[in-house]
DNA sequence: GAGCACTGC
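Numbering (our numbering), first residue to last: 20 to 711.
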């Protein structure tokens with residue numbers, strides 16, 4: 020058994036991120052949003068006291084002074100400083116919302132926006148949507164009275180489309196900047212232009228890492244920095260003396276070692292994916308049986324985003340008496356989900372990262388070494404309630420070789436949607452965008468290319484009218500948006516509203532571990548040979564008409580009620596967008612739903628997804644039509660087992676998702692088409708594409 | 001033939 024060497028790790032080290040339980044998926048957040056109406060004097064006094072105990076309180080006057088005197092302030096706030104909830108309240112109390120102005124505070128995640136807003140509303144003793152509100156896609160809980168508005172970063176970007184100088188706001192707070200979401204990066208770029216034209220507007224950049232220099236350089240010399248410590252307990256960092264051969268085995272070994280030789284305290288182990296987690300959970304269950312009865316008290320839980328809501332909730336249940344809770348998790352527990360009571364962290368040192376290959380137009384999921392910022396953040400998960408230990412499954416030398424931070428998302432993602440928005444903001448010269456981390460030129464040109472092929476941009480890379488302009492208004496991926504907008508001329512608006520809504524939610528079909536056969540049998544009733552899009556359409560129709568949107572109906576048929584309800588809400592919102600754009604939306608269940616030919620619906624889908632075409636090979640795999648030459652083996656893809664086409668045949672198909680994992684590339688969201696429909700939908704595009 | 005990190009508009 021290899022040994023760990025002890026290296027001191029104290030709060031003085033750059034401890035990263037987030038305030039306790041507020042911007043995370045905490046137990047409270049799972050219970051839904053509660054705006055405790057604070058009534059009694061006693062409760063008010065208690066809240067005041069709690070607020071004053073937060074580390075940020077000492078800096079209240081300094082922060083307000085800096086904001087008064089400089090236009091941009093970079094605020095470095097460590098874990099548990101209270102910045103997400105307090106900053107906006109300080110500004111509010113100091114009068115920054117007088118003269119009908121408001122304060123905006125952006126978050127990279129919806130849950131953070133809603134739960135922090137709920138908390139702040141409670142602290143101010145108001146109803147959510149009153150003085151304090153939030154705005155996320157498809158949900159706006161604000162009113163004319165709202166002065167503090169929490170929102171996702173993407174929503175603020177959308178507001179700039181309507182109000183280019185953000186004239187409603189006196190202060191903009193961009194929170195969690197260190198996470199560097201694509202929308203955060205674009206916001207920073209656009210806000211830099213806005214503050215030049217609105218000298219009275221204030222900007223607070225809130226980040227948990229010490230990469231402030233980069234931000235100061237970006238915004239210029241007048242930028243001030245203030246750093247606030249957090250509430251953290253010390254965490255001992257333990258490294259391997261020699262590299263691990265297999266981090267899965269090492270994880271199991273380390274868990275058992277902690278369990279049998281360390282004092283009580285829950286364990287959180289980071290791995291990269293579902294398979295690895297299942298493997299470790301299984302092995303631990305097996306090994307548990309051979310442990311002495313005294314040690315036979317492990318509660319082993321898996322945690323990853325694909326789990327059902329109920330299973331995810333289980334990790335928050337209090338640990339039973341004399342039991343050690345052991346959570347085996349993906350990166351979801353690094354920032355999105357916060358579990359209290361963790362004393363031991365095991366960090367495998369890797370993460371699965373998605374990156375987009377602009378030449379092949381394929382997303383890849385690759386296991387990659389984590390960054391130093393990540394390793395510190397993971398370790399910090401052990402020091403939230405008391406001092407803890409982090410077992411790093413790599414050597415100290417390995418740790419020193421980690422890159423400083425993760426490559427920002429904007430440098431490894433498909434930029435078609437974001438660029439369309441930037442165009443809609445009237446920014447023409449995209450090649451010379453002033454960004455903190457500019458994306459590689461290949462990503463930009465491939466996105467422009469796609470937008471051009473969709474006819475959203477013209478020969479001069481200007482937004483087309485009305486298609487390009489409308490596409491930018493619709494909060495969907497450009498290809499999905501296109502089929503929705505084209506539905507007018509195909510006379511199938513209702514079908515496309517349903518299909519785009521259903522394509523916007525995940526995991527509609529539930530595949531239980533045990534009743535697999537029963538589930539398949541139920542699902543089969545909705546499935547048609549045309550493929551995923553039309554099968555999902557059938558599910559939606561049945562759920563809303565025969566099923567009357569009942570959860571029991573959905574549950575009995577192994578359908579995800581939450582996803583279906585989301586689809587109903589998204590469909591309603593999309594329908595409003597279409598009306599706003601001047602399209603005439605016929606009532607649902609009108610004649611067009613009944614009378615339109617399937618072929619017409621599929622042709623409409625082809626009008627947006629024609630670049631994603633594939634042809635079946637004799638061995639059952641598919642060959643992509645449009646990947647760059649010279650890489651024929653990379654154009655071979657397989658149907659993902661969760662697609663309805665997995666058990667069906669089609670010569671030509673279009674797909675809506677493509678992901679490379681390890682040796683294989685999978686397509687999903689598949690519909691059977693005729694080859695001629697491609698030429699019909701995009702004659703120019705297919706003229707220049709060689710047939711394979 | 002057999003499986004997907006995490007977000008977001």
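Don't be surprised by glycine CBs; every beta carbon is placed ideally from N, CA and C.
As the structure is a prediction and not an experimental result, all values here were calculated from the model.
The beta-carbon distance between residue 475 and residue 497, rounded to whole angstroms, is 6 Å. This is short enough to meet the 8 Å contact definition. Burial of residue 398 is indicated by the presence of at least 16 other C-beta atoms within 10 angstroms of its C-beta. Taking a contact as a CB-CB distance under 8 Å, the pair residue 127 and residue 99 does not count as one, their CB atoms being some 19 Å apart. Scanning its chain for C-beta atoms nearer than 8 Å, with the 5 sequence neighbours on each side dropped, one finds around residue 581 the residues 328, in chain order. Taking C-beta separations shorter than 7 Å and ignoring five residues to either side along the sequence, the partners of residue 132 in its chain run 126, 153, 155, 169, 170, 171, following chain order.
Considering only 639, 393, 670, 202, the residue with the shortest C-alpha distance to residue 659 is 639. Contact between the stretch 190-199 and the stretch 214-231 is present: 3 or more CB-CB pairs across the two stretches fall below 8 Å. Here residue 664 is buried. Its C-beta has 16 or more other C-beta atoms within 10 Å. Counting the other Cβ atoms within 10 Å of the Cβ of residue 428 gives 16 or more, which makes it buried.
With distances taken between CA atoms, residue 385 lies nearest to 292 out of 233, 79, 80, 292. Judged by DSSP in its simplified three-state form, residue 664 adopts helix. In this structure, the alpha-carbon of residue 573 lies about 43 Å from that of residue 108. By the criterion of a C-beta distance shorter than 7 Å, residue 184 is surrounded in its chain by 213, 216, 217, once the five residues flanking it on both sides are discounted. Spanning the alpha carbons of residue 653 and residue 682 requires a straight line of approximately 10 Å. A buried status is given to residue 344, since no fewer than 16 other beta-carbon atoms sit within 10 Å of its beta-carbon. Runs of alpha helix (DSSP H) with 4 or more residues, each lying fully within the stretch 430-508, are found at 435-443, 460-472, 486-492, listed in chain order. Annotation: the continuous beta strand (DSSP E) that includes residue 679 extends over 671-680. When the alpha-carbon of residue 80 is set against those of 236, 622, 247, 134, the nearest one is in 247. Contact between residue 514 and residue 545 is ruled out by a C-beta separation of about 15 Å, above the 8 Å threshold.
Per DSSP, the unbroken alpha helix (DSSP H) holding residue 521 starts and ends at 512-522.
According to DSSP, residue pairing for residue 696 in a beta bridge does not occur. Residue state for residue 256 is assigned as strand, using DSSP reduced to three classes. Between the stretch 321-340 and the stretch 301-312, the count of Cβ pairs shorter than 8 Å is below three; the stretches do not touch. Counting along the chain, residue 414 sits inside the beta strand (DSSP E) bounded by residues 407-414. The C-beta of residue 548 has fewer than 16 other C-beta atoms within 10 Å across all chains shown, which makes the residue exposed. As the crow flies, the alpha-carbon of residue 67 is around 25 Å from that of residue 120. For a cut-off of 8 Å, the C-beta gap from residue 406 to residue 353 is around 20 Å, too long to register as a contact. Residue 286 is not a Cβ neighbour of residue 303, given a cutoff of 7 Å. In the DSSP assignment, residue 208 falls outside any beta strand (DSSP E) and within the unbroken alpha helix (DSSP H) covering 201-216. A straight line joining the alpha-carbon of residue 78 with that of residue 252 spans about 21 Å. The bridge partners DSSP lists for residue 371 are 386.
Residue 629 sits close to residue 700, with the two beta carbons spaced by under 7 Å. Taken in chain order, the unbroken stretches of alpha helix (DSSP H) that lie wholly in the stretch 265-351 and span 4 residues or more are 266-280, 293-308, 328-333.
Secondary-structure assignment with DSSP links residue 244 through a beta bridge to 93.
The C-beta distance from residue 258 to residue 411 rounds to 5 Å, short enough to meet the 8 Å contact threshold. DSSP, reduced to helix, strand and coil, places residue 105 within a helical segment of the structure shown.
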